[in-house]
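Right, one structure below, let's go through it.
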Amino acid sequence: MTDQRTTTPPRIGIICGSGMDSLSIIEAPERINVTTSFGDPSGIITLGEIAGVPVAIVNRHGIGHRLLPSEINVRANIAALKALGVSQVISFSAVGSLVEEAPPGTFVAIDQYIDRTYRRVNTFFGSGVVAHVPFGKPVCTDNHSLLVDALDELSIPHLAKGLYVVMEGPHFSTKAESAFHRQMGGTVIGMTAMPEPKLCREAELCYNMVAMVTDYDCWHTSHEAVNAAMVSEQMADNIKKAESLLSVIVPKLAQREALCRDNCQHALDGAIMTDFSLITSEAISRFSPLLDRVIQDDMSS
1456 MTDQRTTTPP
1466 RIGIICGSGM
1476 DSLSIIEAPE
1486 RINVTTSFGD
1496 PSGIITLGEI
1506 AGVPVAIVNR
1516 HGIGHRLLPS
1526 EINVRANIAA
1536 LKALGVSQVI
1546 SFSAVGSLVE
1556 EAPPGTFVAI
1566 DQYIDRTYRR
1576 VNTFFGSGVV
1586 AHVPFGKPVC
1596 TDNHSLLVDA
1606 LDELSIPHLA
1616 KGLYVVMEGP
1626 HFSTKAESAF
1636 HRQMGGTVIG
1646 MTAMPEPKLC
1656 REAELCYNMV
1666 AMVTDYDCWH
1676 TSHEAVNAAM
1686 VSEQMADNIK
1696 KAESLLSVIV
1706 PKLAQREALC
1716 RDNCQHALDG
1726 AIMTDFSLIT
1736 SEAISRFSPL
1746 LDRVIQDDMS
1756 S
């Protein structure tokens, strides 16, 4: 993996979604190319600062929205952030609402997922290294609380928790599917959330997602009246709110204790099932920096 970190490595990773090609609040932006052993990320990565805090920003669809949700190399995106010194990730995703309580313009601090994707590589492991990480709580509890505090502080309409149903796409739901997702208890539905939190857990990164509601899913009676112009207008408003949120949440994340209560930074402790003596030097190189801490701990024990 090519590690192109600067002298002050970014600590906060930001994954941007639809319509978020460029954020106006980034100070001293520097665009770099990063190559990983899992391939190339979605595109160039932007380094810079928000409120004086170093950040690294990935646009998951690539500049100009060139990648389908199923085409995104999420492994490379997360591996690149890890290589750049990121320890915490906040992600944004445009979604449809499955409940009346989340009208267009609502931000949802996601705390649970149902993964209905089936075409995506959702683990770093395999090929000689087996790992099983816990995933009952898929987001960082400490950072979730900070996120909700920031939403409250800014008076952004929001839900403090929510279940994100992740569909494969690229097609939207049928009405029957939409009704089914509501019966499952879904709050919002979208195509881009997975496998980001799974890979961040394997990379020992704190991860949280903000789902930005653009419209109701097709179960709602108002859905037929929605057009592309209306959705675009709502997305533009959501992006403005996302920038305001970042200006508040990023400093909060930077000031947080280094270790979180969920122990995200040690998610691989006890998760590696493969005998370390059987892990080849080639595998160690391929999985760097993902396994660096675990291997160092094993060697010192």
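Going by my numbering, 1499 is the number at position 44 of the sequence shown; the sequence numbering is gapless. Glycine included, C-beta positions come from ideal geometry on N, C-alpha and C.
- Message: Just to confirm, is the Cβ distance from I1469 to N1663 under 7 Å?
- Response: No; because the gap between Cβ atoms is not below 7 Å, this pair is not in contact.
- Message: To the nearest angstrom, how far is the alpha carbon of I1739 from that of L1746?
- Response: 7 Å
- Determine contact between the region 1615 to 1627 and the region 1565 to 1573, defined as no fewer than three beta-carbon pairs at a distance below 8 Å. yes
- Query: From Q1689 to G1560, what distance separates their C-alpha atoms?
  - Reply: Approximately 7 Å between the Cα atoms of the pair.
- Alpha carbon to alpha carbon, what distance is there between P1484 and P1509? 10 Å
- Query: How many Å lie between P1744 and K1537 at the Cα?
  - Reply: 7 Å
- Is the beta carbon of I1734 less than 7 Å from the beta carbon of G1474? no
- Task: Could you name the residues of the same chain whose beta carbon sits closer than 6 Å to that of T1491, not counting the 5 residues immediately before and after it, in chain order?
- Result: M1456, A1531, A1534 and A1535
- Item | Residues that T1501 bridges to, as DSSP identifies them | R1486 and I1512
- Short check: CB of G1645 to CB of S1552, under 7 Å? no
- Task: Report the rounded CA-to-CA distance for D1604 versus I1480, giving the unit in angstroms.
- Result: 20 Å
- Message: When you compare the CB positions of A1709 and E1659, do they come within less than 7 Å of one another, or not?
- Response: no
- Item | D1597 to C1715 span [Cα, whole Å] | 6 Å
- May I have the straight-line CA-CA distance separating H1516 from P1650, to the nearest angstrom? 14 Å
- Message: Among the candidates C1719, E1555, G1725 and V1705, whose CA atom is the shortest distance from the CA of I1467?
- Response: V1705
- Message: Using only CA atoms, which one of D1670, K1696 and W1674 lies nearest to A1684?
- Response: The shortest Cα separation from A1684 among D1670, K1696 and W1674 belongs to D1670.
- Task: Sort out for me which residues DSSP pairs D1670 with in a bridge.
- Result: Beta-bridge pairing links D1670 to G1551.
- Residue nearest to I1527 in terms of C-alpha spacing, selected from A1511, P1589 and S1497: S1497
- Query: How is C1719 classed by DSSP in three states: helix, strand or coil?
  - Reply: helix
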